[in-house]
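Student: My questions all concern the structure below.
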Amino acid sequence: MSFRGEGFTSYLYDALIQQGYKTFFDDENLARGKAISKGLLKAIKIRYEYKGQIVLPIFYHVDPSHVRNQRESYRKAFEKHESNSELSPMEVDRWRKALKEVANLSGFPLTESDVEAKFVKKFIEHISNILEVQKDQPKDMPINVFGKPIIDLTSQEMAEYTGKEITATDRSRVAMKMIEAHNKEADALTFVKNLKSTYGNGVTTLCLIYNATGGTLKHVCDKNWFGHIGDALCPYKIENGQWGAFLHVHDTGAATGSIAATVYRGKNANGTVCEWMLSWYNPWGKWWDRNRVYTEIREKGHFAQVHWKPISNILEEQGPNHSITWNECVSSLIIEDGTSPIFKAVMKLVDA
């Protein structure tokens with residue numbers, strides 16, 4: 224917990240402890256207007272360095288849009304900071320970015336008319352729903368990755384692979400056979416639906432991606448045409464046989480929808496590094512315009528150099544499913560209809 228103020232924070236802290244959650248209280252007791260909590264800056268830093276961690280902002284008696292756009296009292300506060308010769312422009316800019324980042328997360332507004340006891344109960348129920356899905360996960364696994372990695376030993380326990388040298392294609396094939404094993408897909412879906420429950424009725428895309436490439440996939444980059452990643456970032460690493468789950472949401476207060484792409488890097492059967500680009504198109508308020516998907520597979524570093532406009536144009540012309548095979552790698556995408564569709568991507572090797 225990283226908060227400033229009395230009363231409410233102590234009440235929330237006590238409620239978390241009573242529920243059995245180990246809770247660290249960042250009790251800096253800073254004076255208002257002096258500085259942004261180091262705890263908040265650290266939370267944002269951890270969110271990026273250890274992808275898969277979740278930050279849950281509570282907007283206590285404040286409009287999130289005022290925080291995001293630095294309006295009203297926030298505008299006046301920053302004008303005061305910028306005129307303070309003791310503060311460096313770089314430090315003030317860091318505060319601006321931190322506040323905008325936290326305001327873009329799917330948070331919990333608490334207005335003056337809300338009953339705090341009811342709010343705390345609902346907040347803790349949300350935490351419980353998220354953690355319930357991860358209770359059997361290994362401690363070192365990102366919070367939004369599901370399923371045990373499928374490795375050589377997994378294959379060798381199957382009759383058809385006993386005594387055989389296991390290849391990447393073998394691991395890919397086993398991962399496809401076990402795509403729904405041990406409720407891992409269901410757990411991933413439950414996780415992302417729980418994230419969605421805090422966001423309300425806004426346009427969102429519930430993203431599920433499955434790694435059946437026979438090796439490790441690592442996150443490279445994202446492209447947000449409209450909207451942004453929600454509470455949990457794209458998993459930074461997904462092992463063979465695992466599902467990754469995250470939420471992509473439209474920008475609050477903007478009629479723009481959820482239209483984006485994410486890129487993962489892995490290897491083909493010969494060990495050549497390839498990149499999978501997965502994109503989705505979930506527009507705002509266009510009931511006549513169906514949701515769409517588009518995928519590409521290219522060489523290492525391709526999407527760091529690419530101009531995204533042509534990909535955006537192709538995406539808008541696609542349908543609700545798309546598959547491609549390139550350099551012995553396969554990528555298959557599908558998206559549901561509606562304003563909060565499930566988007567699924569499966570990455571594998573040829574012949575799996």
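So for the sequence shown, our numbering puts the first residue at 224; every next one is plus one. A virtual CB, placed ideally from N, CA and C, is assigned to each residue, including glycine. Just so we're clear, the structure is a prediction, and the values are computed from it rather than from any experiment.
Report the three-state DSSP secondary structure of residue 553 (helix, strand or coil).
Tutor: Note: residue 553 maps to strand in three-state DSSP.
Student: Taking 8 Å as the threshold (C-beta atoms), are residue 499 and residue 517 in contact?
Tutor: no
Student: Please classify residue 421: does DSSP put it in a helix, a strand, or coil?
Tutor: helix
Student: How far does the alpha helix (DSSP H) with residue 403 in it extend, from its first residue to its last?
Tutor: Premise fails: residue 403 is in no alpha helix (DSSP H) and is neither H nor E.
Student: Tell me which residues share the same chain as residue 479 and place their Cβ nearer than 7 Å to its Cβ, disregarding the 5 neighbours each side in the sequence.
Tutor: 449, 450, 473, 507
Student: Counting along the chain, where does the alpha helix (DSSP H) carrying residue 305 start and finish?
Tutor: 296 to 305
Student: Going by DSSP, which residues form a beta bridge with residue 282?
Tutor: 332
Student: Going along the chain, which residues of its own chain have a beta-carbon closer than 8 Å to the beta-carbon of residue 372, five neighbours each way excluded?
Tutor: 462, 463, 464, 465
Student: To the nearest angstrom, how far is the alpha carbon of residue 340 from that of residue 284?
Tutor: 15 Å
Student: Can residue 505 and residue 426 be called in contact, C-beta distance under 8 Å?
Tutor: In this structure, residue 505 sits near residue 426, with a CB-CB distance shorter than 8 Å.
Student: Using CA atoms only, rank isn't needed, just tell me which of 287, 559, 527, 337 is closest to residue 445.
Tutor: The option with the nearest alpha carbon to residue 445 is 527.
Student: Taking the beta strand (DSSP E) that residue 527 falls in, what are its first and last residues?
Tutor: Where residue 527 is concerned, there is no enclosing beta strand (DSSP E), although the alpha helix (DSSP H) it sits in stretches over 525 to 528.
Student: Where does residue 445 sit, in a helix, a strand or coil, going by DSSP?
Tutor: strand
Student: I need the DSSP call for residue 540, collapsed to helix, strand or coil.
Tutor: coil
Student: What would DSSP say about residue 244, mapped onto helix, strand or coil?
Tutor: For residue 244, the secondary structure class from DSSP, reduced to helix, strand or coil, is coil.
Student: Less than 7 Å between C-beta atoms, sequence neighbours within five positions excluded: which residues of the same chain meet that for residue 548?
Tutor: 573
Student: Assuming contact is defined by CB atoms lying nearer than 8 Å, are residue 370 and residue 440 in contact in what I supplied?
Tutor: no
Student: Report the CB separation of residue 436 from residue 570 in whole angstroms; it is logged as a contact under 8 Å.
Tutor: 5 Å
Student: Using CA coordinates, which residue listed in 418, 379, 469 is at the minimum distance from residue 442?
Tutor: 469
Student: What does DSSP give as the partner residue(s) for residue 376 in the beta ladder?
Tutor: DSSP output for residue 376 lists no bridge partner at all.
Student: Looking at the structure shown, is residue 341 part of a helix, part of a strand, or coil, going by DSSP?
Tutor: helix
Student: Taking residue 367 as part of the beta strand (DSSP E), name the residues at either end of that continuous run.
Tutor: Unbroken run through residue 367: none, as it is neither H nor E.
Student: Under 8 Å, do residue 165 and residue 331 count as touching if we go by C-beta distance?
Tutor: Any property of residue 165 remains undetermined from this structure, which presents the chain solely from 224 to 575.
Student: Measure from the alpha carbon of residue 238 to the alpha carbon of each residue in 320, 297, 345, then state which is nearest.
Tutor: 345
Student: Give the single residue among 350, 413, 382, 399 whose Cα lies nearest to the Cα of residue 368.
Tutor: The shortest C-alpha separation from residue 368 is found at 413.
Student: My parser needs the beta strand (DSSP E) runs of 3 or more residues fully inside the region 433 to 498; what are they?
Tutor: List check, beta strand (DSSP E) in window: 440 to 449, 466 to 472, 481 to 490.
Student: Would residue 523 pass as a contact of residue 496 if the rule is Cβ separation under 8 Å?
Tutor: For residue 523 and residue 496, yes; Cβs fall inside 8 Å.
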